[in-house]
Amino acid sequence: MKALYPYPYKLFPSDSLSDGVVFQVPCFCRQNCSSNICRKFYEENCNSIGIKQCPYGFAVEVLRLGNNTVVFSCLNVEIISDKKSVQKRLRDKDYLPRIPYDSYKQSKSSIRSLVEEASDFYQQESNFKITKASYDEKTEMLDDTFHELRKLNQQLKPAAERLILELDHFDGEDPSQIEYYTRQLHATSQLISIRLSTYDLSITSDFSVFEKKGPIAIYKKFDKVSKLLEVQANERHLKIIRKGESFRSCLANDLVELIPYLLLDNAIKYSMCYNTITVIFEEGLNHLIVIVKSLSQRPDKKEIPHLKERGFRSKNNSKEVGGKGLGLYLADLICINSDINMDITIGNNISEDFAGQKYSDFVVRLDFSNILLPTIQ
C-alpha cells in the first residue's frame, strides 16, 4: 500500500524515500539518501514544519496533512530550489521539471483535500510505516545484541571447559587456576547480564520498573566494570586505570550500574589502540565527580551537542567501528533520571593513526548529586 502523494516523500525523517505518483526519486537522491550528509540533514532539519533546502539544492518541505506529518522531498520548485545545483544532479532519465511556485502551492491545497477525504487510507499507511520502522530498528538491535552475546559465549565456553579440566585433575594443593577460571566465568556471566539489561533499556526506555532507589557505591561499580571489560580492552591493547578514590554513594535506582559499562564500552570501542582509558574520581564534602578520559576518534566540535541524541554518530567515526549511536544516549537518559549531570568535551591536541583517522582526548564528566554519607568499600 502506498499513499497517493505526487512528490517523493517520507513519513518521518528517518524513513526511506518513496516515489511519488507523478515525480519519482531522482537517481542521484536514490544513491545518496543513505549517506551521512543526507541522514544528518533530515535528522537535524526535518522535525519542524516548513520549507528547507537540502545540501544538494533540492527543496524539502515538512507539512502537516491530516493527522500526520509528511516530508516532501527532491522538489524542483522555483524560488525554493537551487536551480543550478538541482540541474547539475539530474540525469536524462529523471523526470523532474521545474515547477512554478504558485503551481506547487496550488497542488498542496489539492493534496490536503484528498487526504481529508481519504483520511483512513492515509492513516493506515502512516501507521504501517511507523510500525515497520520500529520493528526494523528493534530487529537490528536484537541482531547486534546476539552478535555480542555470541562473542561473550565464545569466552564463556572455553573457560568452563578449562575449569572442568582443572577440577578433574585437582590434587588439593594449588587452587589458583580453579579460582582464575571461576572468576573469568563469573565476569563473563555478569557482562551477559549487563548487556541484556542494556538491550531492554534501548528497546523500552521505560524507567517505571526502576522507581525504587537506594544507595549505589559509584567507585565500586566502575571498579567492577573495569575488571569485567579487561578482556575486551586487551583485544585492542588498551589499559583501563583508575585515579583517586571515592567512599560516597549516590541515591539512585539500579540502572545507574549500567553507566560505567556504557561509558567504558564506548571508550574501548572508539579509542586509539595502545593507549589508556582513565577513570578519575574527585570527591568533596558535598559532591562526587567522575571523569572518563580516552584518546578517541574525534568528532567535529559542532557535533558535540548531538552526541547524546539517540542514533547520532559522528561523521568522522571510522566505518570499521560498529554501533547504533545508543551508548551515550542511554547513559545520558539514565543520568537525567538519576539527577546526574553528564557533560562531554574534546581536547585540542589531535593525533592520527596510520589510516589518517583523527583522535583527541574525549572526556565524559559525571557530576553526582544525591550524595550520601561515606560507605565502607
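Going by the working numbering, the sequence shown opens with residue 695, and the numbers climb by one from there.
For glycine and all other residues, C-beta sits at the position ideal for the given N, C-alpha and C.
Bear in mind that the values here come from a model prediction, so they are computed numbers and not experimental data.
Name the DSSP bridge partner or partners of residue i?
i, result
"Ile962", "In the DSSP output, where bridge partners are listed per residue, Ile962 has none listed."
"Ile974", "Lys937, Ile985"
"Ala911", "Ser943"
"Gly744", "Val756"
"Asp1037", "Arg1059"
"Leu1045", "Leu is not the amino acid found at residue 1045; the sequence shown has Ser there. DSSP, once it has assigned bridges, lists Tyr1053 as partnering Ser1045."
"Ile1065", "Cys944"
"Ser712", "Tyr703"
If the criterion is Cβ atoms closer than 9 Å, does the pair residue i and residue j meet it?
i, j, result
"Asn1010", "Asp994", "yes"
"Thr882", "Ile935", "no"
"Leu932", "Cys967", "yes"
"Lys1002", "Leu979", "no"
"Ile983", "Asp1055", "no"
"Ser710", "Cys727", "yes"
"Ser1032", "Asn969", "no"
"Leu769", "Ser775", "yes"
"Val809", "Gly744", "no"
"Leu945", "Lys906", "no"
"Lys918", "Gln884", "yes"
"Leu698", "Val719", "no"
"Lys937", "Val1015", "no"
"Ile888", "Glu977", "no"
"Cys740", "Val765", "yes"
"Cys748", "Phe735", "yes"
Let's see if you can read the secondary structure: which residues bound the beta strand (DSSP E) around residue i?
i, result
"Gln991", "982 to 991"
"Cys732", "Cys732 -> not in any beta strand (DSSP E); alpha helix (DSSP H) instead, spanning 730 to 739."
"Lys1052", "1052 to 1062"
"Arg785", "Counting along the chain, Arg785 falls outside any beta strand (DSSP E), and DSSP gives it neither H nor E."
"Ser767", "762 to 769"
"Asn698", "Checking the sequence, you will find Leu at residue 698 rather than Asn. Premise fails: Leu698 is in no beta strand (DSSP E) and is neither H nor E."
"Glu755", "753 to 759"
"Asn1010", "Per DSSP, Asn1010 belongs to no beta strand (DSSP E) and is neither H nor E."
Could you give the residue range of the alpha helix (DSSP H) that holds residue i?
i, result
"Asn928", "924 to 929"
"Arg724", "721 to 726"
"Ser801", "795 to 811"
"Gly1021", "1021 to 1031"
To the nearest angstrom, how far is it from the Cα of residue i to the Cα of residue j?
i, j, result
"Val903", "Tyr913", "With a pLDDT of 49 at Val903, under the threshold of 50, the predicted position of this residue should be treated as unreliable, though the coordinate-derived value follows. So the alpha carbons of these two residues sit roughly 25 Å apart."
"Val986", "Leu895", "22 Å"
"Gly1041", "Gln1051", "16 Å"
"Arg1059", "Leu1020", "18 Å"
"Met1036", "Asp1026", "6 Å"
"Tyr703", "Ile886", "41 Å"
"Tyr701", "Tyr750", "17 Å"
"Gln1071", "Leu846", "Only weak support is given to the placement of Gln1071: the predicted model assigns it a pLDDT of 47, under 50, and the value that follows is read from those uncertain coordinates. Spanning the two alpha carbons is a distance of roughly 29 Å."
"Phe941", "Tyr875", "30 Å"
"Ala854", "Val925", "16 Å"
"Arg992", "Tyr1053", "5 Å"
"Ser891", "Val756", "37 Å"
"Ile1065", "Ile1028", "16 Å"
"Leu705", "Leu957", "33 Å"
"Glu1004", "Glu737", "In the sequence under discussion, the amino acid at residue 1004 is Arg, which differs from the Glu named in the question. If I take the Cα positions, the gap works out to 11 Å."
"Ser779", "Cys732", "15 Å"
"Phe752", "Glu811", "30 Å"
"Pro909", "Pro999", "31 Å"
Under 8 Å from any heavy atom of the ligand GDP, does the C-beta of residue i make it?
i, result
"Ile962", "With respect to the ligand GDP, the structure offers nothing, as it holds no ligand at all."
Could I get the ranges of all uninterrupted alpha helix (DSSP H) runs contained in the stretch 856 to 891, with 4 residues as the minimum, in chain order?
none
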